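A short write-up of the structure that comes next.
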Amino acid sequence: MSRRDFEPDELELEEEEFEVEEQEEEAVERGRIKGVVSGAVPPSIVLAVAYDGDEGRALVKLYDPVGNTLYYWYDNTGHKPYLIAAEMPEKIIERHAEVLQHPGFSHFEVVERYDALHNRRVLVTRVYAKDPLSIGGGKKSIRDILGETWESRIKYHHCYLFDRNIIPSMWYRVENGKLVPVEVSVPPEVIAALKSVFSPERAGVAEEFIPLFQAPVPHIRRVAIDIEVYTPQENKVPDPKSAEHEIISAALVGTDGLRRVLLLRRPSLEAELKYRPDYEVLLFDSEHDLIMEVFKTLVQYPVIVSFNGDNFDLPYLYNRARALGVPEEEIPVVVKRDCAGVIPGAHIDLFKFFAVKAIEAYAFGGIYRGERSLDGIAYAILGIGKLARDKGVSRMSYWELAEYNYRDALITLYLTLYNGELVMKLVMLLSRVAKMPVEDITRSQVSAWIRNMLYYEHRKRGWLIPNKEDIIKERGTAHTKAIIKGKKYAGAIVLDPPPGVFFNVHVLDFASLYPSIISRWNLSYETVNCGPDAERPIPELPHAVCRDRPGLTSTIVGVLRDLRVHVYKRLAKSASTPAERHFYDAVQSAMKVLINASYGVFGAETFPLYCPPVAELTAALARYIMAGTVLKAIELGMIPIYGDTDSLFLLNADEEKIKQLMKCAEELNIDIELDRVYKFVMFSGRKKNYLGVSADGGVVMKGILAKKRNAPPLAKELTEEIIRTIKDINTTDDILKVKDAVIAMVKEVETRLREKKITLDKLGIRVTLNKDLGEYTKNKPQHVKAAEQLLKYGIKVGRGDVVVIVRTRDPVGVRPIQLARIDEVDERKYLEYISTSLEQILEAMGVTLEELRGTARLL
DNA sequence: ATCTATGGCAAGCCGA
DNA sequence: TCGGCTTGCCAT
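Mapped onto my numbering, the consecutive letters of the first sequence carry residue numbers 3 to 861.
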């Protein structure tokens, strides 16, 4: 299927959203802003908040409509920190001698903290800097000097500096240059849910979370940027470090209506002017002027959006500007090791954000899985990709170049605008929950978000943040053995499905099972194995959990989970306006991302609150619940035919029986949902491998070989064709009829393959390089061999790149598709591939491979 | 600097 | 030739 034509109208913004602010126009008149492009600064953007997590105080950085930067202090938690005047111990003075000399040093304090891990109170020293925002940046900071002491580690004494946590505030906005509190309205349904869903203890915690989700997310004026660079050699990606060649084009597309392409005039090109209704083109005689114009625009926006701007566009702009003699102070771009920023705004690199695995999987349901390119992601999400091109940008005419460049910037911006600004809302909401700046949120993985969220909760309560080694020492390690070699503990149960076709299958689902377990069994690093009066939830496991105090992580995970399930999913469903629905959808997906990752982090060594007993108990309790439910289902007269971790496929189920099963689970505080009913399910007999068709003809394929990303298109297309036939199966008799049709289809493709009536592109097997070429030391897989061949032709490939290989008859047996010819294809390999991948479907229908081959002989 | 987990399948590599 | 190991991709 070809991509549908792109209609520029589809990307039009709704103009009324962005009314021009009079205030700004006045400012322009007064000359305080130079060269405002058009549109408006939305009213009152609080750009940033620096949290002092320990004290719950925050420094607010504002970007007001006239472009001034303001700072305000305010108290976030409402309760003042308690300080204990204490004498400064000798040892600390010794230890911090260098810090005391530091010009940025302000003063010490000794504070009492609760050490949850050991259940005792301790004294802690805190080091203050004069300017909290300067910490971590610039020359030798206090943080550098403290080194390992930064993380604490004088006995009983921990040191903290201010964290430079800058997040968009939900509490304040600017009006006429003044800070005005934002009223957060909480719908009555939410208040009611507080009472009915939560225990009084947890209701208090939930109450503190609700404003984070309830406070409106403002629209933030922003601009997308994309540049194109001249390259003498096609296929060679320009290196931003050396920035050898000139920037020939830059596209800037803003939410305020800015749509502009800046082109560099080149003697080799003939000017060819065409009128564009949707964007304007500016021609520049010098690259210097072009770049300066880009800078002039960038500094006028509080947020800059790019796709891979961290590693390409911004460093390239910076280095090019430097090379052209622009003094450092006139360049609003700050380039760090692997991120780049713009002053005074915040830079969001969508490449990084979409690369966050939890976002990919949970917020977008994996629709762009494995696609790392702007084209792939935009096409998967928006249905609009990059402009197709048949030559490198260096050989394009002005006209083609402008079109191409404009499209890139446009879809980059649109990725943050579509679906009621979902991406922007997600970023801002995550930023609020995790207490991290938007710039950091978009550049870190989910474990960092959860870490910061939990650290904040510690600080708010006056708790000490424990050391990872101390947690292990106090709480122990895992006791079960994993099935997979090299893993730390046993995971989930997967039932062995019988091969065959089964009609009328009910699929039950434990709703967010792992988080529910963490919530229900009070699992937290400080509550497991914490004392003699604890109980063992699973007698076979030596881990005990104490019940006399609520576990912090259990509470947080539980509150988030219950808020999502009982409040925000419902609000999203019952929303009365699209805007409301968009908002609550963003809220519930942000929560989903955090909740779903909340179990995994406790089993990850890299997580600072790593606690194997917590992870192990979670998995063990899940097995226990699954096993119990299977038994109960049998008892009720149902037949469990398959199940994986938190799902259960049942034969002979009806509403009444399912209800009874749900009631049993309810006693454990675990929700069972009826996920779906399949007209029939085909099992190949392998785990994690089935095909189901629901009554409405919807097809679900899981784990089927031919569907995987690395399957050659030939096999994928054949499978799709077969699915279309299979969909219509209603009875056992239908299976027999379909069987012959399917066998015929397979034969037809095999004949085509033998007779080479097939194009090369149908045979490409796409494999990702997960490491750089040199790191494959144990063996040399085929895609690595193919990559090496590419290297000889000067095509660079490395970690993250996808190599498309074709199986050939030569001794190596493989070639990259770019270097392969149809006549050297090893069709035996492909026949084999079709056999094994189709086997998974055919076996379910009772067709054996022998039968398939037998029919072949008869034909 | 960078990182949620374990379970399962299939293909291919490579030494015994 | 066989079997253990590595690799990639997927399910949950």
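For each residue, glycine too, the CB sits at the ideal point set by N, CA and C.
Predicted, not measured: the structure shown is a model, and the values here were computed from it.
Take residue i and list the residues in its own chain whose beta-carbon comes closer than 6 angstroms to its own, dropping the five residues that flank it on each side.
i, result
"Leu566", "A small correction: the amino acid at residue 566 is Arg; Leu does not occupy that position in the sequence shown. Contacts found: Gln590, Met593."
"Phe356", "Ile379"
"Val744", "Ile724"
"Val296", "Ala252"
"Lys470", "Pro610, Tyr612"
"Ile641", "Leu653, Asn654"
"Val186", "Pro213, Gln216, Ala217"
Throw me the rounded Cβ distance for the residue i and residue j pair, which I believe falls under 8 angstroms.
i, j, result
"Arg322", "Ile293", "6 angstroms"
"Val307", "Tyr408", "Incorrect: roughly 15 angstroms between the Cβ atoms, too far for contact."
"Glu405", "Leu384", "Wrong, their Cβ atoms sit about 17 angstroms apart, outside the cutoff."
"Val806", "Lys787", "About 13 angstroms; that fails the 8 angstroms criterion."
"Lys689", "Pro499", "7 angstroms"
"Leu562", "Ile597", "5 angstroms"
So the candidates are the options; which of them puts its Cα closest to the Cα of residue i?
i, options, result
"Leu119", "Cys613, Gly694, Arg324, Ala365", "Cys613"
"Ser518", "Asp564, Val695, Ile824, Ile249", "Asp564"
"Arg434", "Ala667, Arg538, Phe215", "Phe215"
"Ala546", "His460, Ala789, Pro818, Asn531", "Asn531"
"Phe505", "Leu431, Val695, Leu432", "Val695"
"Glu752", "Leu833, Glu719, Phe651, Leu765", "Leu833"
"Ile674", "Lys665, Tyr680, Lys681", "Lys665"
"Tyr644", "Glu790, Ile495, Thr555, Arg711", "Ile495"
"Tyr795", "Val804, Gln820, Val239", "Gln820"
"Trp523", "Gly533, His221, Ile540", "Ile540"
"Arg477", "Ala617, Ser839, Ala195", "Ala617"
"Tyr626", "Gly206, Arg267, Leu670", "Leu670"
"Leu403", "Leu284, Gly422, Gln302", "Leu284"
"Val507", "Arg371, Gly630, Asp677, Ala574", "Asp677"
"Ile350", "Leu326, Ser396, Pro439", "Pro439"
"Lys338", "Ile249, Arg756, Gly311", "Gly311"
"Thr1", "Glu790, Asn712, Asp742", "The chain is shown from 3 up to 861; residue 1 falls before or after that span and cannot be answered."
"Pro220", "Glu423, Ile672, Trp451, Arg726", "Glu423"
"Glu272", "Ser399, Ala717, Asp742", "Ser399"
"Asp648", "Phe314, Glu668, Leu497", "Leu497"
Buried or exposed, going by whether 16 or more other CB atoms sit within 10 Å of the CB of residue i?
i, result
"Ser201", "exposed"
"Gln235", "exposed"
"Arg204", "buried"
"Pro938", "This structure gives no information on residue 938, because the portion of the chain shown stretches from 3 to 861."
"Lys63", "Caution is warranted here: a pLDDT of 39 is assigned to Lys63, below 50, making its placement in the model unreliable, and no coordinate value can be reported."
"Pro468", "buried"
"Phe585", "buried"
"Arg223", "buried"
"Ser578", "exposed"
"Thr414", "buried"
"Ala87", "With a pLDDT of 23 at Ala87, under the threshold of 50, the predicted position of this residue should be treated as unreliable, and no value is reported."
"His514", "The residue asked about is misnamed: residue 514 is Ser in this sequence, not His. With 16 or more Cβ atoms within 10 Å of its Cβ, Ser514 is classed as buried."
"Tyr457", "buried"
"Glu750", "exposed"
"Thr721", "buried"
"Thr479", "exposed"
"Val559", "buried"
"Asn121", "exposed"
"Pro269", "exposed"
Only counting the same chain, and skipping five residues up and downstream in sequence, which positions put a Cβ closer than 8 angstroms to that of residue i?
i, result
"Ile473", "Leu119, Tyr527, Leu611, Tyr612, Cys613"
"Leu793", "Leu775, Val799"
"Arg754", "Ile760"
"Lys729", "Val695, Gly699, Val701"
"Thr555", "Leu456, Ile520, Leu525, Ser526, Tyr527, Ser600, Phe604, Leu611, Val616"
"Leu638", "Lys659, Gln662, Leu663"
Which residues in the same chain as residue i place their Cβ atom closer than 7 angstroms to its Cβ, once the five residues preceding and following it in sequence are excluded?
i, result
"Glu373", "Ile379, Ala382"
"Pro552", "Glu203, Asn524"
"Glu826", "Thr810, Arg811, Asp812"
"Ala325", "Ala245"
Review point. Which full runs of the beta strand (DSSP E) of 3+ residues lie inside the stretch 500 to 555, going along the chain?
Key: 502 to 512
Review point. Going along the chain, which unbroken runs of the beta strand (DSSP E) with 3 or more residues stay wholly within the stretch 796 to 820?
Key: 804 to 809, 816 to 818
Practice item. Starting from the N-terminal side, write out each stretch of the beta strand (DSSP E) that is 3 residues or longer and does not extend beyond the stretch 586 to 631. Key: none
Review point. Can you give, in chain order, each stretch of the alpha helix (DSSP H) that sits fully within the stretch 417 to 465 and has at least 4 residues?
Key: 420 to 436, 440 to 443, 448 to 462
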